[in-house]
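**Q**
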Amino acid sequence: MTECLFCKIIEKKIPAKIAYEDDKVLAFHDISPKAPVHILIIPKKHISAVNELTDQDGEIIGYLHLIAKKLAKENKIDKSGFRLVINNGPDAGQAVGHIHLHVLGGRKLQWPPG
Ligand code: 5GP
Ligand code: ZN
Numbered sequence: 000m001t002e003c004l005f006c007k008i009i010e011k012k013i014p015a016k017i018a019y020e021d022d023k024v025l026a027f028h029d030i031s032p033k034a035p036v037h038i039l040i041i042p043k044k045h046i047s048a049v050n051e052l053t054d055q056d057g058e059i060i061g062y063l064h065l066i067a068k069k070l071a072k073e074n075k076i077d078k079s080g081f082r083l084v085i086n087n088g089p090d091a092g093q094a095v096g097h098i099h100l101h102v103l104g105g106r107k108l109q110w111p112p113g
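Under numbering that gives the first Met the number 0, think of the first position of the sequence shown as 0, with each following residue one higher.
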């Protein structure tokens with residue numbers, strides 16, 4: 000059995016508030032939201048980090064962004080603005096070893112990030 004938290008969410012062994020799902024990706028609301036809208040979009044294929052991407056992963060990484068665009072519109076942050084983030088490794092604070100695209104919006108976001 001997988002020890003990956005997000006693979007367990009994909010397998011529905013751990014509950015999550017799902018925002019979107021198809022055969023390639025799952026999107027769910029972050030358990031500890033850092034903005035009024037905070038959704039995580041993950042590939043169903045386990046990829047641990049940007050560091051581990053291969054040439055075969057270009058399509059799925061692009062697809063995560065298309066789902067981000069759709070969810071931004073559905074959550075009414077497309078006009079006000081939103082941020083897409085993928086943390087990679089310790090300095091970026093990556094806490095879960097299954098690549099995930101954060102969609103953050105619904106408030107004015109600071110730049111540069113902390
Ligand atoms: P990272 O810091 O790795 O880029 O982001 C991991 C994110 O996953 C964090 O924002 C954290 O709040 C979220 N998270 C961690 N565990 C769970 C969980 O069990 N369920 C959900 N929905 N989000 C989680
Ligand atoms: Zn995983």
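Cβ atoms here follow ideal geometry from the backbone N, Cα and C, with glycine treated the same way.
Below 8 Å CB to CB, which residues in the same chain sit around P32 once its five sequence neighbours on both sides are set aside?
**A** Counting only Cβ-Cβ distances below 8 Å, and skipping sequence neighbours, we find nothing.
**Q** Is T53 near the ligand ZN, in the sense that its beta carbon is under 7 Å from a heavy atom of that ligand?
**A** No, the Cβ of T53 stays beyond 7 Å of every heavy atom of the ligand ZN.
**Q** By the 10 Å Cβ neighbour count, where 16 or more other Cβ atoms means buried, how is I40 classified, buried or exposed?
**A** I40 should be labelled buried.
**Q** Are the beta-carbon atoms belonging to F27 and I17 less than 8 Å from one another?
**A** Yes, the pair counts as a contact, with Cβ atoms nearer than the cut-off.
**Q** Would the beta-carbon of I85 fall within 8 Å of that of V36?
**A** No.
**Q** What runs of the beta strand (DSSP E), each 3 residues or longer, lie entirely inside the region 7 to 58?
**A** Counting only runs of 3 or more, we get 17 to 20, 24 to 28 and 36 to 42.
**Q** If we count the other Cβ atoms within 10 Å of its Cβ and call it buried at 16 or more, is H64 buried or exposed?
**A** It is exposed - the Cβ of H64 has fewer than 16 other Cβ atoms within 10 Å.
**Q** Report the option in A71, L108 and H99 whose CA atom is closest to the CA atom of I60.
**A** Here the closest residue by C-alpha is H99.
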